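For reference, the structure is listed below as structure tokens.
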Amino acid sequence: MEYYDYGIIGGGPAGYTAGMFLAKQGYNVILFEKDKLGGTCLNRGCIPTKSFLHSSELYSEIISASEIGVSYDNLRFDFSKVIEKKDKTVERVRKSLELAVKNSGVKTIYAVACIKDKNTIIADNNMYSADRIIVATGAKPKEIIGLEFDGKFILNSDDVLNISSLPKSVLIVGSGAIGIEWARIFSNFGAEVTIVETAEYLIPNADIDVSKRIERIFKQKKIKYYTKDSVAKIENKKVLLKSGAELTPDFVLVAAGREPVLPVCDDSCIVIGDSCGEIQLAHYAIHQAKQLALGITYNRDLIPSVIYGNPEIAWVGKREQDCGEDCKKILLPVTALGKAWCDDATEGFIKLITKDGRILGAHIVSKEASSLIHTVLIAMQNNLNVDELKKICFAHPTYSEGIFDIIINL
Ligand SMILES: Cc1cc2nc3c(=O)[nH]c(=O)nc-3n(C[C@H](O)[C@H](O)[C@H](O)COP(=O)(O)OP(=O)(O)OC[C@H]3O[C@@H](n4cnc5c(N)ncnc54)[C@H](O)[C@@H]3O)c2cc1C
1 MEYYDYGIIG GGPAGYTAGM FLAKQGYNVI LFEKDKLGGT CLNRGCIPTK SFLHSSELYS
61 EIISASEIGV SYDNLRFDFS KVIEKKDKTV ERVRKSLELA VKNSGVKTIY AVACIKDKNT
121 IIADNNMYSA DRIIVATGAK PKEIIGLEFD GKFILNSDDV LNISSLPKSV LIVGSGAIGI
181 EWARIFSNFG AEVTIVETAE YLIPNADIDV SKRIERIFKQ KKIKYYTKDS VAKIENKKVL
241 LKSGAELTPD FVLVAAGREP VLPVCDDSCI VIGDSCGEIQ LAHYAIHQAK QLALGITYNR
301 DLIPSVIYGN PEIAWVGKRE QDCGEDCKKI LLPVTALGKA WCDDATEGFI KLITKDGRIL
361 GAHIVSKEAS SLIHTVLIAM QNNLNVDELK KICFAHPTYS EGIFDIIINL
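In the numbering used here, the protein residues as written are 1 to 410.
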């Protein structure tokens, strides 16, 4: 039997990050992955969706660019190339990850692993001994009763990556990050998109102003949505919503959350990443792994969320609906920013929520929101007072100066 300091089950962001950092510190680490290194994030999540999103946005931007002096005769897209580009992107990123894991000294076994006891892992009929076992087995798409996945008409976020042609119309169940990003992808490519959401607003986890703005943007983009509604029944590919609306999509994409995949393990195992069933984001999984391996602590209330597409959506900290009267809310439309006009990207806002001179929350709908949010996050993480932030010289013209425009008026 081989002996290791750490045996890690699952080669997604949580597992490979923990493995590499532990190995760097001199620990003897073995990592088990039943599929491909990179996990959901690299193979079925963050990376493939952003590749699709990029192709679809480029296409949609060129369609509407004649007003700003860019036009192209016979513009068309080849969906097989879009898929090819996505596959190449995933493969490239995976190759460099595989190399990084190998170079870090982590031994990788490609097999399903199970836990025999608190110090023994079994994979491919072999036993491996480890002082500590780390479970980083991720999560899988959640099924809803009546909407069981069949891979043909009712798809989950894994199945949708296998489509070979674009649908003419699609129904998306759920308006979290996955639902919103796929709605944008299909809509950018010209498909008719409808979203059904049980909550009162789209993106129910977001600040109320973010939800309302996205609803407005979706109306403009002719992305239909039904809130406070759900699928009542499906018969012969006809979908009936509780509200009575009848839809005939080419398929239904169910994006209604993910549930942890947990092998049988006891309290002696360390569980990190999506398999914890907490915040299911790649950067949270990575951060948990860093805490475990390097002792770097994190503030659970300061984990940023980002939804990609045009415009990007990003937030961190408290939402308006979580705050009392004693909080200040300041919202700057991005139309106030010269750079937004130059980029023809004037849709959106930067919103800060403050109390006693400290930022409690930031909610951004804007081009570059995924980067902007970190400026505010650094201030929040360090509990900086707005008077200190006023001293920062923001470059012009940028979206970041929008943050300064808000702060200087506080
Ligand atoms: C469509 C989609 C888009 C997403 N976009 C984003 C995004 O933009 N940003 C973001 O932060 N997050 C995003 N996520 C979430 C992100 O992918 C996850 O939070 C992240 O992958 C969690 O990492 P993990 O290591 O915990 O689990 P995973 O990445 O799921 O990795 C778990 C690994 O464990 C392996 N495994 C499971 N059981 C066993 C076993 N018994 N033996 C061996 N191996 C096993 C699996 O094969 C898998 O590779 C997205 C998710 C989806 C589905």
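Ideal placement from N, C-alpha and C gives every residue a C-beta, glycine not left out. Note that this is a predicted model, so its numbers are computed, not measured.
Determine, using beta carbons only, whether residue i and residue j come nearer to each other than 8 Å.
i	j	result
ALA289	ALA18	yes
ALA14	ALA285	yes
VAL106	ALA177	no
ASN156	PRO167	no
LYS36	ALA111	no
LYS233	THR248	no
ILE479	THR89	Past the edges of the chain, shown from 1 to 410, lies residue 479, and the structure says nothing about it.
TYR128	ILE30	yes
ALA293	PHE77	no
LEU417	TYR225	The structure shown has nothing for residue 417, since the chain only spans 1 to 410.
LEU332	GLN381	no
GLU320	LYS329	yes
PHE349	ARG216	no
LEU352	PRO397	no
ILE68	ASP326	no
LEU42	ARG94	yes
VAL376	ILE359	yes
LEU304	ALA139	The question names Leu, but residue 304 in the sequence shown is Pro. Not in contact: PRO304 and ALA139 (Cβ atoms no closer than 8 Å).
TRP315	ASP207	yes
TYR27	ALA130	no
VAL254	ILE180	no
SER243	LYS118	no
VAL70	LEU147	no
THR354	LEU262	no
Is residue i near ligand 3, judged by its Cβ being under 7 Å from some heavy atom?
i	result
LYS351	The model depicted lacks ligand 3 and carries ligand 1 instead.
Mark residue i as exposed unless 16 or more other C-beta atoms lie within 10 angstroms of its C-beta, in which case mark it buried.
i	result
ASN103	exposed
VAL264	exposed
GLY174	buried
TRP341	exposed
SER412	In the structure displayed, the chain extends from 1 to 410; residue 412 sits before or after that span and is not available.
TYR16	buried
THR40	buried
THR49	buried
ASP266	exposed
ASP87	exposed
LYS152	exposed
ARG44	buried
ASP274	buried
LYS318	buried
GLY324	exposed
ARG258	buried
VAL334	buried
ILE83	buried
GLU197	buried
ILE63	exposed
GLN280	buried
SER66	exposed
GLY309	buried
ILE296	exposed
GLY361	buried
GLU246	exposed
ALA459	Past the edges of the chain, shown from 1 to 410, lies residue 459, and the structure says nothing about it.
LEU75	exposed
Tell me, please, whether the CB atom of residue i is closer than 8 Å to any CB atom in chain B?
i	result
THR346	Included in the structure is just one protein chain, with no chain B present.
I think residue i touches residue j, with their Cβ atoms under 8 Å apart; what is that distance to the nearest whole Å?
i	j	result
ILE378	ILE364	The pair is not a contact, with the Cβ atoms about 14 Å apart (cut-off 8 Å).
LEU171	VAL101	Incorrect: roughly 39 Å between the Cβ atoms, too far for contact.
THR227	ALA199	6 Å
VAL386	ILE407	5 Å
ILE417	ILE115	This structure gives no information on residue 417, because the portion of the chain shown stretches from 1 to 410.
SER56	ILE185	5 Å
ILE122	GLY7	Between GLY7 and ILE122 the Cβ distance is about 11 Å, and since that is not below 8 Å, they are no contact.
SER165	PHE79	6 Å
SER366	PRO311	5 Å
TYR59	PHE189	7 Å
LYS81	SER51	Contact doesn't hold; Cβ gap of about 12 Å is too wide.
THR108	GLY38	Not quite, the Cβ-Cβ distance comes to about 12 Å (not below 8 Å), so this is no contact.
ILE163	VAL193	Not really, about 14 Å apart at Cβ, beyond 8 Å.
Pick out the complete beta strand (DSSP E) segments inside the stretch 183 to 221, 3 residues or longer, and give them in chain order. With a minimum length of 3 residues, the unbroken runs of beta strand (DSSP E) contained wholly in the stretch 183 to 221 fall at 192 to 196.
As an exercise, report each continuous beta strand (DSSP E) stretch of at least 3 residues that is fully enclosed by the stretch 290 to 320, in chain order. Restricting attention to beta strand (DSSP E) runs no shorter than 3 residues, the stretch 290 to 320 encloses them at 305 to 307 and 312 to 317, ordered along the chain.
Can you check the stretch 60 to 135 for any alpha helix (DSSP H) of at least 4 residues that lies completely inside it and give the ranges in chain order? Correct list: 79 to 104.
Complete runs of the beta strand (DSSP E) confined to the stretch 157 to 183 [at least 3 residues]: For the stretch 157 to 183, whole beta strand (DSSP E) runs of length 3 or above, ordered along the chain, are 169 to 173.
So within the stretch 8 to 39, which uninterrupted alpha helix (DSSP H) runs reach at least 4 residues, ignoring any that extend past its ends? Runs of the alpha helix (DSSP H) spanning 4 or more residues and lying entirely within the stretch 8 to 39 occur at 13 to 24, in chain order.
Curious, which full-length beta strand (DSSP E) runs of at least 3 residues does the stretch 229 to 287 contain? Within the stretch 229 to 287, the complete beta strand (DSSP E) runs of at least 3 residues are 231 to 235, 238 to 241, 251 to 254 and 258 to 260.
Extract the residue ranges of the beta strand (DSSP E) inside the stretch 340 to 386, only unbroken runs of 3 or more that lie entirely within it. Under the rule that a run must span 3 or more residues, the beta strand (DSSP E) segments found entirely inside the stretch 340 to 386 read 349 to 355 and 358 to 366.
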